[in-house]
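J.: Note that our numbering numbers the sequence shown so that position 140 is 258, with each residue one more than the last. Encoded as structure tokens, here's the structure I'll be asking about.
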Amino acid sequence: MISTQLWTPATPSFRCKLHENDSVYHNYIPIHYNRTQPDPAYCKAMMNISVRECQECYTKTISKTGIEHIQPCKYYVFDRTYMKYTLVEEWLMVCDRTEFRSIVSIVYLAGYIVGVIVVGITADKYGRRPIMSICTILIPCTVFIGGIFSQKDIFGFWPSYLIYLTSCFIFACSIPGILITGFVLATELVGSKYKLLTAIIAQYLFNVDGIVIFVAYFIQEWRRLTITLSIAAIPFTFFYFVLPESPRWMISKGYYKQAGELLR
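Given below as structure tokens:
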């Protein structure tokens, strides 16, 4: 589920929408589209952006008197070869709106950094088991909320965008609770003889999350993908009733009796 952040904000190929009935299927580009692209020479001389961005984000019209006019695109058509519907397409995070996509990445990374700090402190104070269990609940909940309540057509752009950013931040904060706390708990539950092997196996298990790429191949709409993965993660929310606490942590906190019962 962690890998969903690599897929949902992906930017497919796109171009200006030429008219109301204009659409694109797979790699189909209308023949007359090339005539509406600004000339590379004009882009280099007059636009302070790359030629590719200039031709993707601007369109050329010719008046009856033969005068060329360059104007920004109002609507876009996205390639549906690999992805049917992404977050970028829904909120038009292209051209002069790419900063909205950048903010999503910044919020995600900021949440991860905060999570590393908070999870490390709280796991040492309250135990590995409760913190990891809380994070296994937060991750599917925030993904589900971000998928359901961030619909622009229902709530408008800004409310849905802020809801998505909030869920993205909490989601990122929870990731260290699985990756770091889970790794620490796994290595603390075994003896020194098996610590290296346990660490290697734990890293392999973390990479199983890459299965989201396989799922995304069949579910190519970002909202359905996130909701499906959040529902599939529900069984992991019961980890609290299965996972034992770290005996090393219990000994460090003076819970010798409980640690002894666990080690028997």
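Idealized CB from N, CA, C, for every residue including glycine.
Please list the terminal residues of the continuous beta strand (DSSP E) segment that includes TYR194.
T.: It spans 194 to 196 - the beta strand (DSSP E) in which TYR194 sits, taken as one unbroken run.
J.: Decide if GLY274 is buried, meaning its Cβ has at least 16 other Cβ atoms within 10 Å, or exposed.
T.: Under this definition GLY274 is an exposed residue.
J.: Buried or exposed for PRO294, please, with buried defined as at least 16 other CB atoms from any protein chain shown within 10 angstroms of its CB.
T.: Classification for PRO294: buried.
J.: Helix, strand or coil for ARG382? Go by DSSP, reduced to three states.
T.: Note: ARG382 maps to coil in three-state DSSP.
J.: Please identify the residue among GLY229, LYS135 and PHE267 whose C-alpha is closest to the C-alpha of THR179.
T.: It is LYS135 whose Cα lies nearest to the Cα of THR179.
J.: Does DSSP put ILE293 in a helix, a strand or coil?
T.: Three-state DSSP puts ILE293 in a helix.
J.: Which word fits ILE272, buried or exposed, when buried means at least 16 other C-beta atoms lie within 10 angstroms of its C-beta?
T.: Answer is exposed; the Cβ neighbour count stays below 16.
J.: Sorted by chain position, which residues of the same chain lie with C-beta nearer than 8 Å to CYS286's C-beta, five sequence neighbours on each side aside?
T.: Excluding positions up to five away in sequence, the list reads GLN123, VAL222, VAL225, TYR226, GLY229, THR260 and GLY264.
J.: Inspect the beta-carbon positions of CYS191 and THR177 and report whether they are closer than 7 Å.
T.: Closer than 7 Å, so yes.
J.: Which residues share a DSSP beta bridge with GLU339?
T.: DSSP lists TYR203 as partners of GLU339.
J.: Figure out for me which residue from LEU205, GLY309, THR355 and THR316 has the closest Cα to the Cα of PRO248.
T.: When only C-alpha atoms are compared, the closest one is THR355.
J.: Taking the Cβ atom as the reference point for each residue, do TYR200 and PHE132 lie within a distance shorter than 7 Å?
T.: No, they are not a contact pair.
J.: Considering only residues of the same chain and omitting the five flanking positions on each side of THR126, which have a CB-CB separation below 6 Å?
T.: LEU205 and TRP340, listed in sequence order.
J.: Any idea what DSSP makes of ILE349, helix, strand or coil?
T.: Residue state, collapsed to three classes: helix.
J.: Grab me the residues of LYS313's own chain with a C-beta within less than 6 Å of its C-beta, minus the 5 sequence neighbours each way, in chain order.
T.: The answer, listed in chain order, is THR305.
J.: Select from CYS213, GLY245 and ILE345 the residue whose C-alpha is nearest the C-alpha of GLY300.
T.: Among CYS213, GLY245 and ILE345, the Cα nearest to that of GLY300 is on GLY245.
J.: Suppose you measure from the CA of ILE231 to the CA of ARG366; what does that come to, to the nearest Å?
T.: Approximately 26 Å between the Cα atoms of the pair.
J.: Buried or exposed: where does GLY309 fall if 16 or more other Cβ atoms within 10 Å of its Cβ makes it buried?
T.: GLY309 comes out exposed.
J.: Kindly indicate which three-state DSSP category PHE132 falls into: helix, strand or coil?
T.: The answer is strand: DSSP assigns PHE132 an E or B state.
J.: Roughly how many angstroms lie between the CA atoms of GLY238 and TYR282, to the nearest whole one?
T.: Each residue's Cα considered, the two are about 25 Å apart.
J.: Which same chain residues end up closer than 6 Å to THR129 when comparing Cβ atoms and leaving out the 5 residues on each side of it in sequence?
T.: Excluding positions up to five away in sequence, the list reads VAL206.
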